[in-house]
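Numbers 918 to 1249, taken from my numbering, label the letters of the sequence shown in order.
Where a beta carbon is used, it is the ideal one built from N, C-alpha and C, also for glycine.
Report on the following structure.
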Amino acid sequence: MARILITGITGQDGSYLAESHLASGDEVDGLVRQSSLLQRTRLDSVPALVKARSTGRLKLHYADLSDTSSLVSVLRNVKPETVYHLAGQSHVKISFDLPEYTADSTGLGTLRLLESMRHVVPDARLFLAATSEIFGEAKESPQNEKTPMNPINPYAAAKVYALNLVRIYRKAYGVFACAGILFNHESPRRGENYVTRKIARGAARIARGREKELHLGALTPKRDWSYAVDIVDGIRRIASAPKPDDFVLASGLPHSVGEFCEAAFRVVGLDYGKHVVLDPEYVRLVDITETCGDASRARNELGWAPKTGFLELVRIMVDAELADLDAHGDPA
Ligand code: NAP
Ligand code: GDD
């Protein structure tokens, strides 16, 4: 039985990771931020997580990435063997609206955590959720662990800083600090303002007569989309490898936003062309044309490969939206 600490446990990946470790018999602790509402939708809607909280196998602790003393206090209290660092401002477009906050939570937050761990739990393992965004408009395709970093938005710049810190601490202090260079991964638990969840939700709501249109910024960008459950399996493999290192986790099969729309609306028997409206509100100042990851190192060294294909992922997401609408309705 291992003792696991997750920053970002209330997020998409954190909730799946907590579920996965609890299923392996581990004890899970998670950092949560102060907020005016106590409801934490992702944790409260998963029966295994609700049960684990009631039995004390899952514990939540107040802390914030901007507050070093809160991080030190949780580390002292929990004494984790592995820390998964998933927390931070992660929306690319919003990082232009909140550049300083993004740098502070995603960049400096990682520094505060590494420093706190070095002093309090120097033998613990740290996993950082890095991102394909570090490559920007890459000159080579597919991108692998050696592809040069070329960030084009404040979020990506903060992640470059965080990933460099992980590499620096690994080398300078000899700590077990590793990273997943994660390409986009999606699920019914994805935040509602990311494009796949927005499309799945829009298709379901239009199919049930709640809405007529879905407003998007662009249809041509391509992303290397995987299922979050598969990526979380890869994250665990990276964090439990014999040596600390960084690995790309990706499907290697990019699809466009338009293809996602076509597949999602097909699940509900509709033509997306009749409902999707291009809206300047969602257009980015700069955007990556296409991402495509090469996960062959993870496949060869960790035995990892994604199990869920693109069309299955789209169906999982649209079916979940339909089920939610049919079970609970929606006043809006
Ligand atoms: P997510 O759903 O947006 O979750 C982000 C988490 O970070 C939430 O738990 C959030 O807490 C927490 N958080 C944000 N700012 C914080 C702060 N100042 N102090 C403490 N907690 C804070 O993200 P995700 O999709 O699960 O992604 C997990 C990680 O992987 C992120 O670091 C993301 O950048 C990275 N990543 C994700 C993808 C992807 O496609 N999903 C790809 C590459 C990398 P609240 O619930 O309180 O807001
Ligand atoms: N969110 C959003 N909303 N994106 C849109 C829209 C829209 O209405 N219309 C088109 N897009 C396009 C974006 O311009 C982008 O090209 C693509 O859809 C995907 O956007 P997001 O789903 O917001 O994800 P992202 O690729 O910018 O970032 C996600 O993946 C990164 C890994 O590559 C986030 O999870 C990041 O945190 C993560 O690092």
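In the structure shown, what three-state DSSP assignment does Ala-1047 receive?
-> Counting from one through the sequence shown, the residue named residue 1047 turns up at place 130. Strand at Ala-1047.
For Gly-942, I'd like the list of residues in its chain whose CB is within less than 6 Å of its CB, leaving aside the five on either flank, ordered along the chain.
-> Within the sequence shown, numbered from 1, the residue matching residue 942 stands at position 25. Excluding residues within five positions, the ones whose Cβ falls inside 6 Å are Met-918.
Euclidean distance between Cα positions of Glu-1130 and Ile-1155 = Numbered from its first residue, the sequence shown carries residue 1130 at position 213. Numbered from its first residue, the sequence shown carries residue 1155 at position 238. Spanning the two alpha carbons is a distance of roughly 41 Å.
Identify which residue in Arg-993, Asn-1070, Phe-1052, Val-1165 has its Cα closest to the Cα of His-1102.
-> Locating residue 1102 in the sequence shown gives position 185, where the first residue counts as 1. Closest by alpha carbon: Val-1165.
Going by other Cβ atoms of all chains shown within 10 Å of its Cβ, with 16 needed for buried, is Gly-1097 buried or exposed?
-> For this step, residue 1097 is matched to residue 180 along the sequence shown. The residue in question, Gly-1097, is buried, as its Cβ has 16 or more Cβ neighbours within 10 Å.
Report yes if the C-beta distance between Thr-958 and Arg-1029 is below 7 Å; otherwise report no.
-> For this step, residue 958 is matched to residue 41 along the sequence shown. For this step, residue 1029 is matched to residue 112 along the sequence shown. Contact: no.
Determine the direct distance from the alpha carbon of Met-1034 to that of Phe-1182, and round the result to whole angstroms.
-> Locating residue 1182 in the sequence shown gives position 265, where the first residue counts as 1. Locating residue 1034 in the sequence shown gives position 117, where the first residue counts as 1. C-alpha separation (whole angstroms): 47 Å.
Enumerate in chain order the residues of its own chain whose CB-to-CB distance from Asn-949 is below 8 Å, with the five nearest sequence positions on each side excluded.
-> Working through the sequence shown from its first residue, we reach residue 949 at position 32. Residue identity check: residue 949 is Val in the sequence provided, not Asn. The answer, listed in chain order, is Ile-926, Thr-927, Arg-957, Leu-977, His-978, Tyr-979, Ala-980.
According to DSSP, residues forming a beta bridge with Cys-1095 = Residue 1095 sits at position 178 when you count from the first residue of the sequence shown. Its beta-bridge partners are Phe-1044.
Among Leu-960, Pro-1161, Val-989, Ile-1116, which one has its Cα closest to the Cα of Ile-1085?
-> Numbered from 1 along the sequence shown, position 168 holds the residue referred to as residue 1085. If we check each option's Cα against that of Ile-1085, Pro-1161 comes out closest.
With a floor of 3 residues, list each beta strand (DSSP E) that falls wholly inside the segment 1155 to 1203, ordered by position along the chain.
-> 1163 to 1166, 1193 to 1195
Taking only runs that begin and end inside the segment 1008 to 1084, name each unbroken beta strand (DSSP E) of 3 or more residues, in chain order.
-> 1042 to 1048
Between Arg-1114 and ligand 1, is the CB less than 6 Å from at least one heavy atom?
-> To locate residue 1114, count along the sequence shown from 1; it is residue 197. Checking every heavy atom of ligand 1 against the Cβ of Arg-1114, none is found closer than 6 Å.
Output yes or no for whether 7 Å exceeds the beta carbon distance between Thr-1225 and Tyr-1111.
-> Here residue 1225 refers to the residue found at position 308 when the sequence shown is read from its first residue. Here residue 1111 refers to the residue found at position 194 when the sequence shown is read from its first residue. Their beta carbons are not under 7 Å apart, which means Thr-1225 does not touch Tyr-1111 by this criterion.
From Ala-1121, Glu-1128, Gln-1060, residue whose alpha carbon lies closest to that of Ala-1240 | Position 323 of the sequence shown, counted from the first residue, corresponds to residue 1240. Checked all of Ala-1121, Glu-1128, Gln-1060; the closest Cα to Ala-1240 is Ala-1121.
Going by DSSP, what residues sit across from His-938 in a beta bridge?
-> For the purposes of this step, residue 938 is taken as residue 21 along the sequence shown, with counting starting at 1. Paired residue(s): none; His-938 is not in a bridge.
Rank Ile-923, Asp-946, Ser-1104, Lys-1056 by C-alpha distance to the C-alpha of Thr-1027 and give the top, closest one.
-> For the purposes of this step, residue 1027 is taken as residue 110 along the sequence shown, with counting starting at 1. Checked all of Ile-923, Asp-946, Ser-1104, Lys-1056; the closest Cα to Thr-1027 is Ile-923.
What is the DSSP secondary structure of Lys-976, counted as helix, strand or coil?
-> As a working note, residue 976 is residue 59 in the sequence shown. Three-state DSSP puts Lys-976 in a strand.
Distance between beta carbons of Pro-1105 and Ala-1020, contact taken as under 8 Å | Counted from its first residue, the sequence shown places residue 1020 at position 103. Counted from its first residue, the sequence shown places residue 1105 at position 188. Rounded, the Cβ-Cβ distance is 30 Å, inconsistent with contact.
Does ligand 2 have a heavy atom nearer than 6 Å to the CB of Leu-1133?
-> Here the question's residue 1133 lines up with position 216 in the sequence shown. Under cutoff, so the answer is yes.
How about the segment 1228 to 1237 and the segment 1036 to 1050: do they share at least three Cβ pairs that are nearer than 8 Å?
-> no
Opening and closing residue of the beta strand (DSSP E) in which Asp-946 lies = Reading the sequence shown from its first residue, position 29 is the one you call residue 946. Run containing Asp-946: 944 to 949, per the beta strand (DSSP E) assignment.
What do you get for Glu-1050, buried or exposed, if any count of 16 or more other CB atoms within 10 angstroms of its CB means buried?
-> As a position in the sequence shown, residue 1050 is number 133, starting the count at 1. Under this definition Glu-1050 is a buried residue.
Run of the alpha helix (DSSP H) containing Val-1000, from where it starts to where it stops | Locating residue 1000 in the sequence shown gives position 83, counting from the first residue. Run containing Val-1000: none in the alpha helix (DSSP H); it sits in the beta strand (DSSP E), 999 to 1002.
Taking all protein chains shown into account, decide if Asn-1070 is buried (16 or more other Cβ within 10 angstroms of its Cβ) or exposed.
-> Looking up residue 1070 in the sequence shown gives position 153. When all chains shown are included, Asn-1070 counts as buried.
Tell me where the beta strand (DSSP E) around Arg-920 begins and ends.
-> Start at 1 with the first residue of the sequence shown, and residue 920 comes out as number 3. 920 to 924 is the extent of the beta strand (DSSP E) around Arg-920.
Apart from the five residues just before and just after Gly-1119, which ones in its own chain have a Cβ nearer than 6 Å to its Cβ?
-> Looking up residue 1119 in the sequence shown gives position 202. Result list for Gly-1119: Leu-1131, in chain order.
Could you have a look at Gly-931 and say whether DSSP puts it in helix, strand or coil?
-> The count along the sequence shown starts at 1 and reaches residue 931 at position 14. Three-state DSSP puts Gly-931 in a helix.
Residue range of the alpha helix (DSSP H) that Leu-988 falls in?
-> Start at 1 with the first residue of the sequence shown, and residue 988 comes out as number 71. Unbroken alpha helix (DSSP H) run through Leu-988: 985 to 995.
What runs of the alpha helix (DSSP H), each 4 residues or longer, lie entirely inside the segment 1086 to 1149?
-> 1112 to 1124
Which two residues bound the contiguous alpha helix (DSSP H) that contains Leu-954?
-> As a working note, residue 954 is residue 37 in the sequence shown. It is not in any alpha helix (DSSP H) - Leu-954 carries neither H nor E in the DSSP assignment.
From Ser-1058 to His-1192, what distance separates their C-alpha atoms?
-> As a working note, residue 1058 is residue 141 in the sequence shown. As a working note, residue 1192 is residue 275 in the sequence shown. Each residue's alpha carbon lies about 33 Å from the other.
Neighbourhood of Ala-1212 by C-beta, 6 Å cutoff - its chain only, sequence neighbours within 5 removed | Taking the first residue of the sequence shown as 1, we reach residue 1212 at position 295. So the list reads Val-1165, Leu-1166, Ala-1167, once near-sequence residues are dropped.
For Pro-1138, which residues of its own chain have a beta-carbon under 8 Å away from its beta-carbon, when the five flanking residues on both sides are left out?
-> Locating residue 1138 in the sequence shown gives position 221, counting from the first residue. Answer for Pro-1138: Ser-1173, Val-1174, Asp-1204, Ile-1205, Thr-1206, Glu-1207, listed in chain order.
Delimiting residues of the alpha helix (DSSP H) encompassing Ala-1222 = To locate residue 1222, count along the sequence shown from 1; it is residue 305. No alpha helix (DSSP H) holds Ala-1222; DSSP gives it neither H nor E.
Residue range of the alpha helix (DSSP H) that Ala-1212 falls in?
-> Within the sequence shown, residue 1212 is the residue found at index 295, counting from 1. No alpha helix (DSSP H) holds Ala-1212; DSSP gives it neither H nor E.
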